[in-house]
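First up is the structure itself, then whatever we jot down about it.
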Amino acid sequence: MSETVKSFEDMVKMRGLHLKRNSLKILQVNIGKLCNQACHHCHVEAGPKRTEIMDRRTVDRVLELLSQTPSIHTVDITGGAPELNPHFRYLVLEIRKLGKEVIDRCNLTVLFEKGQEDTAQFLGEHRVQVEASLPCYSKENVDKQRGNGVFDKSIRALQLLNTLGYGKPGTGLKLDLVYNPLGAFLPPPQEVLEKDYKEELRELFGIEFNRLYTITNMPIRRFLKQLEREGKLQEYMELLVQSFNPEAALNVMCRELVSVGWDGKIYDCDFNQMLEISVSGKKLSIWDIGSLEDFSHSPITFADHCYGCTAGTGSSCSGALI
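For what it's worth, our numbering labels the leading residue of the sequence shown as -7, then goes sequentially.
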C-alpha cells in the first residue's frame, strides 16, 4: 500500500468525498458459481466443479422484491455462467414481464454447452442485453487467460449472436464486449481500445458489436493469488493508489446498485459479495428486509480493493466511469 494512505476510506476522507448510495437503479444478481470455464482472473473463482446455485425459492423472493421497487430499471444477471442455472430462463421471463431490462453476463462459450443450443435464440426473443467477455482480440492472449480453444468458440458465438441481430444497427439487440487486462496494469483508454476491437473483429471475422467496456482487474480471489505468486501485489496496489481519481470515485457503481448472492445474501457490490463483506456493515439476506428501497441513500462499506474501481478512468461492470 501507499506510504501516505493507509486505506481506501482514508483516501476518501482526505479528498472530502461523501459516498453514500443514491436511489437504486440496478439490481445485480449472482445466480451461481457454476461455470464451464475457470479463468485465471475470475474474482468469483467460478468453475465446472462449483455447486453453489440459486434455487427457485430464492429466485421468487428476488422477483417479489423487484416488483416492489420501481426505481430499479435493470437487472444484471451474473455468475459463474448464469445460463447454467436451471431457473435462468424463468428469471429472465419474469423480469421482462415486470417491464425491466435484463443484462446477461455471458462468457460466450457456454452457448455451445449441452442443453444450451437454443440459448442465443432465447436471449434474442426476449431482448436480453448481452455483455460478453472477450479479454482480447488475439487468440493467443484469450486462450492463455481462459483456456485452449476459448477464443475460437467465442468468435463462433459472436457470429451466432450477429446472425440473430445482436450488435446490428436498428435491431435494438445490444451486444457489448468486456475487456480486462491480462496482467497487473490498468486498461487502456476505453474509446481507443473499442476502435481497435471493432476494426480487428470486423476485418478478421465479420463481427459487429455495440460497445466495449474496460474493467480493471480487482486484487481479490484468483487474481490476488496470481499477484502474490508473481510477487507483484505491492506494486499493483501502489499503482491503484497512485491512480486514484476522485471523479471516478463519485461515479462508482455501488452508488446506484445492490448485489444479491446465490444464497440470497445482500451486498454493496459483486466484489464485496465475493469477499463476504456485508451490505452497509450489516449481515442481511433478502428474507430479512421488507423492501430493496431500504438501501436507497444508505451507507456503503468500502475496503482497499475499491481502489480498483477508482483508478484512472474508473472501472465498473459497465466499463470506465469517466
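C-beta: ideal position from N, C-alpha, C; glycine also.
- The alpha-carbon separation between residue 307 and residue 300 amounts to approximately 7 Å.
- Where residue 293 is concerned, there is no enclosing alpha helix (DSSP H), because DSSP gives it neither an H nor an E.
- Secondary structure in the region 165 to 227: the alpha helix (DSSP H) runs of 4 residues or longer, each lying completely within the stretch, are 182 to 197 and 213 to 222 in chain order.
- Bridge partners of residue 121 according to DSSP: 95.
- Nearest neighbour of residue 243 by Cα position, chosen from 279, 5, 2 and 13, turns out to be 13.
- The beta carbon of residue 115 sits closer than 7 Å to the beta carbons of 96 and 122 from its chain, once the five residues preceding and following it are set aside; these are given in chain order.
- With a 10 Å radius around the Cβ and a threshold of 16 neighbouring Cβ atoms, residue 236 comes out buried.
- For residue 242, no alpha helix (DSSP H) segment is defined, and its DSSP state is neither H nor E.
- Here the alpha carbons of residue 305 and residue 170 stand approximately 15 Å from one another.
- Ranked by Cα distance from residue 196, the options 151, 210, 230 and 71 are led by 151.
- The C-alpha of residue 131 lies about 43 Å from the C-alpha of residue 275.
- In this chain, the alpha helix (DSSP H) harbouring residue 54 covers 48 to 59.
- Fully enclosed alpha helix (DSSP H) runs of no fewer than 4 residues occupy 238 to 241 and 262 to 267 of the region 235 to 280, in order along the chain.
- With a cut-off of 8 Å on Cβ pairs, the region 60 to 67 is not in contact with the region 105 to 114, counting fewer than three such pairs.
- Non-local C-beta neighbours of residue 261 in its own chain, meaning closer than 7 Å and more than five positions away in sequence, comprise 245, 246, 249 and 251, ordered along the chain.
- Inclusion of residue 204 and residue 178 in the CB contact set at 8 Å is not warranted, their separation being larger than that value.
- Take residue 173, set aside five residues on each side of it, and the residues of its chain with a beta-carbon closer than 6 Å to its own are 179 and 209, in chain order.
- By DSSP's assignment, residue 24 forms a beta bridge with 45.
- Secondary structure note for residue 68: its beta strand (DSSP E) is the uninterrupted segment 66 to 70.
- Counted as a single uninterrupted DSSP element, the alpha helix (DSSP H) harbouring residue 300 occupies residues 299 to 302.
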